[in-house]
Every structure is written in structure tokens, then in C-alpha cells.
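Below: the structure, in C-alpha cells.
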Amino acid sequence: MDHLQLKLCDIQGRLFELSKGLDSEAFVKMFMNSKVAERLDSSYNKLQWMGEEYLLEELLDEQNIGTGAEYGMEIMYWIGYIYRYWHLLTGESSKKIYRQAPVKTMRRNYMMFHTLDPEIAIEDLKEIYRRRKSA
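Numbers 2 to 136, taken from my numbering, label the letters of the sequence shown in order.
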């Protein structure tokens, strides 16, 4: 992962932190299936460098998210960071990544995975998905 790619991961992590006050599960699900995420998945889009405040504004223009149960800022940052890292590592779309590791899976595994190297955490999340799918 190069410096610019890691910066994109950080931007998405900070975007997820900014969702404070919104329903965390609804926010993550909506983001991962949004046009904003789709544009971030492209090889280059100026939206990638607009900053997390602008991205949140674009997302909220796309859909309305209500208030509700909030996850902590640390877990939200980690979820956002790992999802973007996953995309950059594998090239999978945000929608496909979310199908494999929905927000509840990410939250449930945060304590075990947040100290791991992102590539190992992603491998483990993919393994959880494979096992769940084959069960």
C-alpha cells in the first residue's frame, strides 16, 4: 500500500468518525452501497480528495440517515479504514465488500481484529464469510 492509498483509507476512516450522531449501522450500510462509495472505488475520482466533510455532505445529499445507536469513534474509524483498505487491496467494490462483511460482523470482530495488520484482518473477515456461506 503506498502513501496515497493509505491516505484514502484515513480519509474514509475519518468520514466514518464524522457520522457521530447518526445511526451507525444505517450509516455504514448506506455508505457502502452508495454512489459516493462507488465513485471512491473508481481508479481516480476527484471526490477521493475532497475530504471527509465534503464526502459526508455528498452522502447526506444522496440519502437521509436518522439518529440511532452509535458505535464509538474508534470502531467507526477502524471500519471505514478497513473497508477502503480492502477495496484497494483486492479491487472489490464497496458493495461486494459489504456483502462479505456487513457492519454487524465488523463490530463483532473489532476487539479481536483492530490490532492486526489490515491484510490479516481482511483475510480473517473473508474466512468468516466463507464459513458462514458454506454453513
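Beta carbons are placed, not taken as given, at the ideal position from N, Cα and C, and that holds for glycine.
Where the alpha helix (DSSP H) through Gly14 begins and ends
Position 13 of the sequence shown, counted from the first residue, corresponds to residue 14. His4 to Glu18 is the span of the alpha helix (DSSP H), which, as asked, contains Gly14.
Rounded to a whole number of angstroms, what is the C-alpha to C-alpha distance between Leu126 and Ile83?
Working through the sequence shown from its first residue, we reach residue 126 at position 125. Working through the sequence shown from its first residue, we reach residue 83 at position 82. Going from the Cα of Leu126 to the Cα of Ile83 covers about 10 Å.
Between the CA atoms of Glu124 and Ala38 - distance to the nearest angstrom:
As a working mapping, residue 38 is identified with position 37 in the sequence shown. As a working mapping, residue 124 is identified with position 123 in the sequence shown. If I take the Cα positions, the gap works out to 21 Å.
Around the Cβ of Gly14, are there at least 16 other Cβ atoms within 10 angstroms (buried) or fewer (exposed)?
Along the sequence shown, one-based indexing puts residue 14 at 13. Gly14 is buried by the Cβ-count criterion.
Out of curiosity, what's the CA-to-CA distance linking Ser44 and Lys36?
Within the sequence shown, the letter at position 43 stands for residue 44. Within the sequence shown, the letter at position 35 stands for residue 36. Between Ser44 and Lys36, the C-alpha separation is close to 15 Å.
Taking the alpha helix (DSSP H) that Pro119 falls in, what are its first and last residues?
In the sequence shown, counting from the first residue as 1, residue 119 sits at position 118. Per DSSP, Pro119 belongs to the alpha helix (DSSP H) from Pro119 to Ser135.
By DSSP, does Asn34 sit in helix, in strand, or in coil?
Against the sequence shown, residue 34 aligns to sequence position 33. Asn34: coil per DSSP, three-state reduction.
Whose C-alpha, out of Thr91, Arg131 and Arg85, is nearest the C-alpha of Cys16?
Here residue 16 corresponds to residue number 15 of the sequence shown, with the count starting at 1. Looking at the sequence provided, one finds Leu at residue 16 rather than Cys. For the residues Thr91, Arg131 and Arg85, the minimum Cα distance to Leu16 belongs to Arg85.
Within 7 Å, strictly: CB atoms of Glu53 and Val104:
Working through the sequence shown from its first residue, we reach residue 53 at position 52. Working through the sequence shown from its first residue, we reach residue 104 at position 103. Not closer than 7 Å, so no.
Which two residues bound the contiguous alpha helix (DSSP H) that contains Ile83?
Taking the first residue of the sequence shown as 1, we reach residue 83 at position 82. Met74 to Thr91 is the span of the alpha helix (DSSP H), which, as asked, contains Ile83.
Which term fits Ala102, buried or exposed, when burial requires 16 or more other beta carbons within 10 angstroms of its beta carbon?
One-based indexing of the sequence shown puts residue 102 at position 101. Label assigned to Ala102: buried.
Return the first residue and the last residue of the alpha helix (DSSP H) that Lys96 is part of.
Working through the sequence shown from its first residue, we reach residue 96 at position 95. Residues Ser95 to Gln101.
Buried or exposed by the 16-neighbour rule on C-beta atoms within 10 Å, applied to Glu75
By one-based count along the sequence shown, residue 75 stands at place 74. Under this definition Glu75 is an exposed residue.
When the Cα of Lys96 is compared with those of Asn34, Arg108 and Trp87, which residue comes out closest?
Counting from one through the sequence shown, the residue named residue 96 turns up at place 95. Checked all of Asn34, Arg108 and Trp87; the closest Cα to Lys96 is Asn34.
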